[in-house]
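Numbering (the working numbering), first residue to last: 1 to 123. Data block below; observations after.
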(Lines of atoms letter the chains of each structure in order from A and count residues from 1; the text may use other names and numbers.)
(Lines give C-alpha, C1' and ligand atoms only; values in the text may rest on other atoms or scores of the structure.)
Protein backbone atom coordinates (compact mmCIF):
# COMPACT_ATOMS: atom_id res chain seq x y z
CA UNK A 1 0.00 0.00 0.00
CA UNK A 2 1.46 3.35 -1.00
CA UNK A 3 -1.52 5.64 -1.56
CA UNK A 4 -1.49 9.03 0.15
CA UNK A 5 -4.70 10.98 0.84
CA UNK A 6 -4.48 14.72 1.59
CA UNK A 7 -7.43 16.62 3.12
CA UNK A 8 -7.83 20.41 3.37
CA UNK A 9 -10.99 21.79 4.98
CA UNK A 10 -9.44 25.00 6.35
CA UNK A 11 -11.43 27.28 4.06
CA UNK A 12 -14.93 27.46 2.59
CA UNK A 13 -13.75 24.97 -0.06
CA UNK A 14 -12.90 21.32 0.39
CA UNK A 15 -9.63 20.37 -1.31
CA UNK A 16 -8.50 16.76 -1.64
CA UNK A 17 -5.58 15.06 -3.34
CA UNK A 18 -4.73 11.40 -3.74
CA UNK A 19 -1.43 9.93 -4.90
CA UNK A 20 -2.11 6.35 -5.92
CA UNK A 21 0.13 3.30 -5.98
CA UNK A 22 1.35 4.24 -9.49
CA UNK A 23 2.39 7.73 -8.27
CA UNK A 24 -0.46 9.29 -10.27
CA UNK A 25 -1.94 12.31 -8.48
CA UNK A 26 -5.61 13.24 -8.69
CA UNK A 27 -7.19 16.17 -6.92
CA UNK A 28 -10.45 18.03 -6.57
CA UNK A 29 -11.65 21.27 -5.04
CA UNK A 30 -15.32 21.88 -4.33
CA UNK A 31 -17.17 24.71 -2.60
CA UNK A 32 -18.65 23.44 0.65
CA UNK A 33 -21.09 26.24 1.44
CA UNK A 34 -19.94 25.70 5.05
CA UNK A 35 -21.25 22.15 4.98
CA UNK A 36 -17.97 20.23 5.22
CA UNK A 37 -19.50 17.48 7.35
CA UNK A 38 -22.10 16.57 4.75
CA UNK A 39 -19.77 16.62 1.74
CA UNK A 40 -16.33 15.44 2.84
CA UNK A 41 -16.78 11.65 2.87
CA UNK A 42 -18.73 11.75 -0.40
CA UNK A 43 -15.90 13.70 -2.06
CA UNK A 44 -13.24 11.35 -0.65
CA UNK A 45 -15.20 8.43 -2.09
CA UNK A 46 -15.45 10.25 -5.44
CA UNK A 47 -11.68 10.80 -5.50
CA UNK A 48 -10.42 7.49 -4.11
CA UNK A 49 -13.38 5.20 -4.96
CA UNK A 50 -12.59 1.49 -4.71
CA UNK A 51 -8.92 2.17 -3.93
CA UNK A 52 -9.53 3.10 -0.28
CA UNK A 53 -7.71 -0.08 0.80
CA UNK A 54 -4.58 1.27 -0.96
CA UNK A 55 -4.32 4.31 1.34
CA UNK A 56 -1.13 3.94 3.39
CA UNK A 57 -1.09 7.38 5.03
CA UNK A 58 -3.29 10.43 5.44
CA UNK A 59 -2.28 14.08 5.62
CA UNK A 60 -4.67 16.75 6.91
CA UNK A 61 -4.43 20.53 7.18
CA UNK A 62 -4.52 21.47 10.88
CA UNK A 63 -4.92 25.22 10.59
CA UNK A 64 -5.18 28.06 10.81
CA UNK A 65 -8.54 28.28 9.12
CA UNK A 66 -12.25 27.74 9.63
CA UNK A 67 -12.73 26.21 13.09
CA UNK A 68 -15.69 24.06 12.05
CA UNK A 69 -14.07 23.06 8.77
CA UNK A 70 -10.84 22.07 10.52
CA UNK A 71 -12.71 19.97 13.10
CA UNK A 72 -14.50 18.05 10.35
CA UNK A 73 -11.31 17.49 8.34
CA UNK A 74 -9.20 16.42 11.31
CA UNK A 75 -11.89 14.14 12.76
CA UNK A 76 -12.45 12.52 9.37
CA UNK A 77 -8.71 12.00 8.84
CA UNK A 78 -8.30 10.43 12.29
CA UNK A 79 -11.36 8.22 11.82
CA UNK A 80 -10.19 6.97 8.42
CA UNK A 81 -6.65 6.45 9.69
CA UNK A 82 -7.86 4.36 12.62
CA UNK A 83 -10.25 2.34 10.45
CA UNK A 84 -7.50 1.62 7.91
CA UNK A 85 -4.70 1.23 10.47
CA UNK A 86 -2.54 3.88 8.81
CA UNK A 87 -0.68 6.94 10.15
CA UNK A 88 -2.10 10.45 9.94
CA UNK A 89 -0.05 13.67 9.90
CA UNK A 90 -1.10 17.29 10.27
CA UNK A 91 0.36 20.18 8.28
CA UNK A 92 -0.11 23.92 8.70
CA UNK A 93 -2.07 25.90 6.14
CA UNK A 94 0.84 28.31 5.69
CA UNK A 95 3.28 25.51 4.94
CA UNK A 96 0.92 24.23 2.24
CA UNK A 97 0.67 27.71 0.70
CA UNK A 98 4.46 28.14 0.61
CA UNK A 99 5.02 24.66 -0.83
CA UNK A 100 2.35 25.14 -3.51
CA UNK A 101 4.02 28.42 -4.52
CA UNK A 102 7.39 26.67 -4.83
CA UNK A 103 9.00 28.82 -2.15
CA UNK A 104 12.14 27.33 -0.61
CA UNK A 105 13.71 30.35 1.11
CA UNK A 106 12.35 32.65 3.83
CA UNK A 107 8.66 33.45 3.41
CA UNK A 108 5.64 35.16 4.94
CA UNK A 109 2.13 33.79 4.43
CA UNK A 110 -1.19 35.47 5.21
CA UNK A 111 -4.35 33.39 5.25
CA UNK A 112 -7.98 34.34 5.95
CA UNK A 113 -8.86 32.97 9.38
CA UNK A 114 -12.56 33.80 9.32
CA UNK A 115 -14.65 36.55 10.88
CA UNK A 116 -12.58 39.25 9.17
CA UNK A 117 -9.38 38.00 10.79
CA UNK A 118 -6.14 36.83 9.18
CA UNK A 119 -3.42 34.45 10.28
CA UNK A 120 0.20 35.35 9.58
CA UNK A 121 3.29 33.14 9.60
CA UNK A 122 6.89 33.95 8.73
CA UNK A 123 9.59 31.35 8.20
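Cβ atoms here follow ideal geometry from the backbone N, Cα and C, with glycine treated the same way. Keep in mind that this is a model prediction, so the values were computed, not measured.
Under a three-way DSSP split, which group does residue i fall into?
i           : result
residue 34  : coil
residue 115 : coil
residue 49  : helix
residue 96  : helix
residue 105 : coil
residue 54  : helix
For a quick check, are the C-beta atoms of residue i and residue j less than 8 Å apart?
i          : j          : result
residue 20 : residue 54 : yes
residue 28 : residue 72 : no
residue 95 : residue 63 : no
Which residues in the same chain as residue i place their Cβ atom closer than 6 Å to its Cβ, once the five residues preceding and following it in sequence are excluded?
i           : result
residue 110 : 118, 120
residue 108 : 122
residue 37  : 72
Pull up the distance between the alpha-carbon of residue i and that of residue j, whole angstroms please.
i          : j           : result
residue 48 : residue 89  : 18 Å
residue 82 : residue 101 : 32 Å
residue 14 : residue 106 : 28 Å
residue 76 : residue 16  : 12 Å
residue 2  : residue 67  : 30 Å
residue 23 : residue 87  : 19 Å
residue 51 : residue 116 : 39 Å
residue 70 : residue 112 : 13 Å
Select from the options the residue whose C-alpha is nearest the C-alpha of residue i.
i           : options        : result
residue 123 : 24, 104, 31    : 104
residue 78  : 69, 60, 91     : 60
residue 58  : 43, 112, 5, 65 : 5
residue 35  : 18, 26, 10, 91 : 10
residue 46  : 12, 26, 37     : 26
Going by beta carbon distance, what residues of the same chain come within less than 7 Å of residue i, once the five residues before and after it are set aside?
i          : result
residue 91 : 59, 61, 62
residue 84 : 55
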